[in-house]
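Q: No gaps in the numbering here: position 34 of the sequence shown is 34 in UniProt numbering, and each next residue is one more.
A virtual CB, placed ideally from N, CA and C, is assigned to each residue, including glycine.
Values in this document were obtained by computation on a predicted structure and should not be read as measured data.
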Amino acid sequence: MRTTSKALLPSVLVLGLALAAPALSPSHAAAQGHAGHGNGHQHHEAAKPDEARELKQTKCPVMGLTPSPDIYTDYQGKRIYFCCDYCPAEFAKDPERYLQKLKDEGVELEDAPN
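1) What is the C-beta distance between Y72 and R79, in whole angstroms, given that I count them as a contact (C-beta under 8 Å)?
2) Please state if the CB of K59 and the CB of E110 are separated by a distance shorter than 7 Å.
3) Assign L102 to one of two classes, buried (16 or more other C-beta atoms within 10 Å of its C-beta) or exposed (fewer than that).
4) DSSP state of Y98, grouped into three classes?
5) On the criterion of 16 or more Cβ atoms from any shown chain inside 10 Å, does P113 qualify as buried, or is it exposed?
6) Would you check if the distance between the CB atom of E90 and the CB atom of V62 is smaller than 7 Å?
7) Buried or exposed for P67, going by 16 or more other Cβ atoms inside 10 Å?
8) Spatial neighbours of K54 within its chain, please: C-beta separation below 7 Å, excluding the five flanking residues on both sides.
9) Quick one: what does DSSP say D111 is sitting in, helix, strand or coil?
10) Just confirm the distance between the C-beta atoms of L99 and C83, as a whole number of angstroms; I'd bet it's less than 8 Å.
11) How far does the beta strand (DSSP E) with K78 in it extend, from its first residue to its last?
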């Protein structure tokens, strides 16, 4: 009888591991208790017209990249937009040079709010 239980032990261990494998997998563990979190693929709503306001100014005067509506300075009645936080300080060193650059490239600037 003792040899029968020794022969059965490996089979029982293999069967136990086979049944437990899905519960031990990382994807199963990550999914437990997180049903409301999605699967890493999300759809976002399109920006509303007032949030996605298109700027007249199409280039940052310092780096020439697409400007952000959140980074700007008002200078001589015009609002000048920049691509990053570095650019306003650089613009302030020689604003006329950068304004002329925009003008030469035909970039329109919007009026600063009063």
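A: According to the structure shown:
1) 5 Å
2) no
3) buried
4) helix
5) exposed
6) yes
7) buried
8) It is worth fixing the name first, because residue 54 is Glu in this sequence and not Lys. So the list is empty, once near-sequence residues are dropped.
9) strand
10) That pair is no contact at about 16 Å.
11) 78-82
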